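Protein chains in written order, with the numbering used here: chain D, 758 to 943; chain A, 758 to 943.
For each residue, glycine too, the CB sits at the ideal point set by N, CA and C.
Note that the coordinates shown come from a computational prediction; the quantities given were computed from them, not determined experimentally.
Number of protein chains: 2
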Amino acid sequence: MLNDPIYEDELEKLEEARNCFITEIAKNMHLYNITASTGRLYGTVFFAEKPMTLDEMSEALGMSKTSMSTGIRSLLDADMVERVWEKGIRKDLYKTEDDWYKSFSNVFIKRWRNATKLNVEAIEETKVQLRRLKEESPYEGIREKAEADLDKLAKAEEYYAWLTDVVNLFETGEIFNIVPKRKGDK
Amino acid sequence: MLNDPIYEDELEKLEEARNCFITEIAKNMHLYNITASTGRLYGTVFFAEKPMTLDEMSEALGMSKTSMSTGIRSLLDADMVERVWEKGIRKDLYKTEDDWYKSFSNVFIKRWRNATKLNVEAIEETKVQLRRLKEESPYEGIREKAEADLDKLAKAEEYYAWLTDVVNLFETGEIFNIVPKRKGDK
DNA sequence: TTTTACGTACAGTTTTTTCTGAACAAACTT
DNA sequence: AAGTTTGTTCAGAAAAAACTGTACGTAAAA
Numbered sequence: 758m759l760n761d762p763i764y765e766d767e768l769e770k771l772e773e774a775r776n777c778f779i780t781e782i783a784k785n786m787h788l789y790n791i792t793a794s795t796g797r798l799y800g801t802v803f804f805a806e807k808p809m810t811l812d813e814m815s816e817a818l819g820m821s822k823t824s825m826s827t828g829i830r831s832l833l834d835a836d837m838v839e840r841v842w843e844k845g846i847r848k849d850l851y852k853t854e855d856d857w858y859k860s861f862s863n864v865f866i867k868r869w870r871n872a873t874k875l876n877v878e879a880i881e882e883t884k885v886q887l888r889r890l891k892e893e894s895p896y897e898g899i900r901e902k903a904e905a906d907l908d909k910l911a912k913a914e915e916y917y918a919w920l921t922d923v924v925n926l927f928e929t930g931e932i933f934n935i936v937p938k939r940k941g942d943k
Numbered sequence: 758m759l760n761d762p763i764y765e766d767e768l769e770k771l772e773e774a775r776n777c778f779i780t781e782i783a784k785n786m787h788l789y790n791i792t793a794s795t796g797r798l799y800g801t802v803f804f805a806e807k808p809m810t811l812d813e814m815s816e817a818l819g820m821s822k823t824s825m826s827t828g829i830r831s832l833l834d835a836d837m838v839e840r841v842w843e844k845g846i847r848k849d850l851y852k853t854e855d856d857w858y859k860s861f862s863n864v865f866i867k868r869w870r871n872a873t874k875l876n877v878e879a880i881e882e883t884k885v886q887l888r889r890l891k892e893e894s895p896y897e898g899i900r901e902k903a904e905a906d907l908d909k910l911a912k913a914e915e916y917y918a919w920l921t922d923v924v925n926l927f928e929t930g931e932i933f934n935i936v937p938k939r940k941g942d943k
């Protein structure tokens with residue numbers, strides 16, 4: 758069977774079918790801050806019948822093992838892939854996380870919570886400086902500008918408070934009460 | 758006042774305060790698929806007392822007008838900036854969208870809806886090919902693989918159906934019933 | 001109409017990111 | 001202990017992206 762040209766042909770068709778999905782998903786992977794190459798890696802592991810080693814990935818994609826190593830790490834960070842253990846196998850094995858809801862939520866939470874935190878901190882620091890100007894500047898023009906800026910930042914803070922609430926919706930899993938997971942329905 | 762060194766100094770302090778926020782927001786702008794440079798552009802327009810022209814932006818940031826043009830376009834695409842019209846002014850004027858809830862929602866909707874659409878289309882196409890293999894391949898191994906892949910894709914479809922629901926939550930504005938906008942509270 | 005002002009397309013340059021192979025360190029095998 | 005195997009670090013090469021200045025088309029002004 759391994760040298761059966763018709764079987765090879767069928768296998769080729771299978772690859773082609775898979776490739777259709779892999780190519781598309783790789784293109785949209787940048788939404789998770791993941792490069793297209795790493796997206797293809799994800800797709801490859803996704804369709805694999807069993808967990809893959811770095812060497813197998815390297816072979817499958819025709820890319821260096823180094824790239825597989827860094828790519829897998831990105832995917833691990835994004836909780837899109839996990840390491841599995843198999844008896845008697847020395848190499849690291851990886852499979853895709855099958856709970857896509859979880860992957861999405863994790864990425865969503867991680868990214869927005871972090872961004873919110875940093876931005877709110879920056880707002881606080883900026884406010885300190887602006888308040889000083891507003892209260893102490895000898896120039897009315899400066900005081901007015903500082904006040905106007907403070908108003909703008911206050912609005913921004915409201916928004917970040919809301920965004921934090923939204924992130925919490927995903928973190929607590931409450932989102933699944935509001936938008937239930939689909940099971941088998943179209 | 759224009760040549761008053763103390764006033765200049767105060768203005769400098771104002772710039773510095775603003776810069777603190779601008780720098781941070783620019784760093785996190787990549788979450789909206791926007792470069793750090795364009796992020797700084799956003800910050801500059803955000804703090805400006807009145808709508809800015811491309812030339813003013815170029816002057817303020819020390820970058821080419823071409824870059825301002827393309828940067829502003831990215832921001833327009835993301836609904837983070839809008840063009841405004843002022844009587845007697847020939848140049849295009851831009852201000853930041855003050856409804857950040859809207860900006861966030863728009864970006865969120867646009868990006869995820871688009872990604873979902875493309876991925877679902879790819880899944881459909883892949884399914885067609887896999888079904889053919891599953892039904893017509895003379896090799897049991899191939900038929901089994903095709904079936905396994907179809908199962909995986911079915912799970913992916915469920916996820917995308919859910920994601921579409923989530924996106925709709927933002928598109929219809931229903932998210933604001935669940936997570937109300939903050940007004941003035943901390 | 002001619003002139004001027006304005007925004008953008010495009011090609012080339014600079015900067016940043018991605019990718020690779022060699023060298024290394026840790027852990028397993030013998 | 002010596003010798004493999006395996007994943008990762010690192011410096012340099014290759015690829016991609018960002019940025020700039022020139023040139024051009026369009027529309028307002030003269």
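Selection from the options that minimises the alpha carbon distance to residue i
i: residue 865 of chain D; options: D:834, D:800 and D:893; result: D:834
i: residue 856 of chain D; options: A:895, A:896, A:914 and A:878; result: A:914
i: residue 902 of chain A; options: D:851, D:772 and D:875; result: D:772
i: residue 851 of chain A; options: A:844, A:829, A:845 and A:872; result: A:829
i: residue 808 of chain D; options: D:844, D:927, D:921 and D:831; result: D:844
i: residue 890 of chain A; options: D:784, D:770 and D:860; result: D:770
i: residue 785 of chain A; options: D:762, D:878, D:930 and D:892; result: D:878
i: residue 933 of chain A; options: D:916, D:929 and D:760; result: D:916
Cβ shell of residue i (< 8 Å), same chain only, five flanking positions each side left out
i: residue 863 of chain D; result: 835 and 836
i: residue 826 of chain D; result: 811
i: residue 838 of chain A; result: 799, 802, 829, 832, 851, 852, 853 and 854
i: residue 842 of chain A; result: 850
Pairwise C-alpha distance: residue j and residue i
i: residue 895 of chain A; j: residue 868 of chain A; result: 42 Å
i: residue 937 of chain A; j: residue 788 of chain D; result: 26 Å
i: residue 813 of chain D; j: residue 805 of chain D; result: 10 Å
i: residue 775 of chain D; j: residue 908 of chain D; result: 53 Å
i: residue 820 of chain D; j: residue 802 of chain D; result: 14 Å
i: residue 921 of chain A; j: residue 861 of chain A; result: 17 Å
i: residue 858 of chain A; j: residue 779 of chain D; result: 33 Å
i: residue 931 of chain D; j: residue 790 of chain A; result: 28 Å
i: residue 849 of chain A; j: residue 824 of chain D; result: 46 Å
i: residue 760 of chain D; j: residue 893 of chain A; result: 20 Å
i: residue 904 of chain A; j: residue 766 of chain D; result: 18 Å
i: residue 897 of chain A; j: residue 912 of chain A; result: 23 Å
Assumed close pair residue i, residue j - CB separation to whole angstroms, cut-off 8 Å
i: residue 918 of chain D; j: residue 939 of chain A; result: 4 Å
i: residue 899 of chain D; j: residue 768 of chain A; result: 7 Å
i: residue 818 of chain A; j: residue 847 of chain A; result: With 8 Å as the limit, residue 818 of chain A and residue 847 of chain A do not qualify as a contact, their Cβ atoms being about 22 Å apart.
i: residue 777 of chain D; j: residue 882 of chain A; result: 5 Å
i: residue 832 of chain D; j: residue 792 of chain D; result: Going by Cβ atoms, the distance from residue 832 of chain D to residue 792 of chain D rounds to 11 Å, so no, they are not a contact pair.
i: residue 906 of chain D; j: residue 887 of chain D; result: 5 Å
i: residue 926 of chain A; j: residue 880 of chain A; result: Not confirmed; about 22 Å, so no contact.
Contact set for residue i: own chain, Cβ-Cβ below 6 Å, skip 5 residues either direction
i: residue 870 of chain A; result: 924
i: residue 929 of chain A; result: none
i: residue 762 of chain D; result: none
Same chain, Cβ closer than 7 Å to residue i, neighbours up to 5 away in sequence not counted
i: residue 872 of chain A; result: none
i: residue 822 of chain D; result: 811, 812 and 815
i: residue 884 of chain D; result: 907 and 910
i: residue 783 of chain A; result: 793, 796, 797 and 800
Closer than 7 Å: residue i CB and nearest the ligand GDP heavy atom
i: residue 939 of chain A; result: Of ligands this structure carries none, so the ligand GDP is not represented either.
Practice prompt. Write down every uninterrupted run of the beta strand (DSSP E) in the segment 816-897 of chain D whose length is 3 residues or greater and which is fully enclosed by it, in chain order.
Written response: 838-841 and 850-853
Worksheet item: Along the chain, which unbroken stretches of the alpha helix (DSSP H) at least 4 residues long are found entirely within the segment 758-811 of chain A?
Response: Within the segment 758-811 of chain A, the complete alpha helix (DSSP H) segments at least 4 residues long are 762-785 and 793-804, listed from N- to C-terminus.
Item to complete: Within the segment 890-936 of chain D, note down every full alpha helix (DSSP H) run reaching 4 residues or more, in order along the chain.
Response: 897-928 and 932-935
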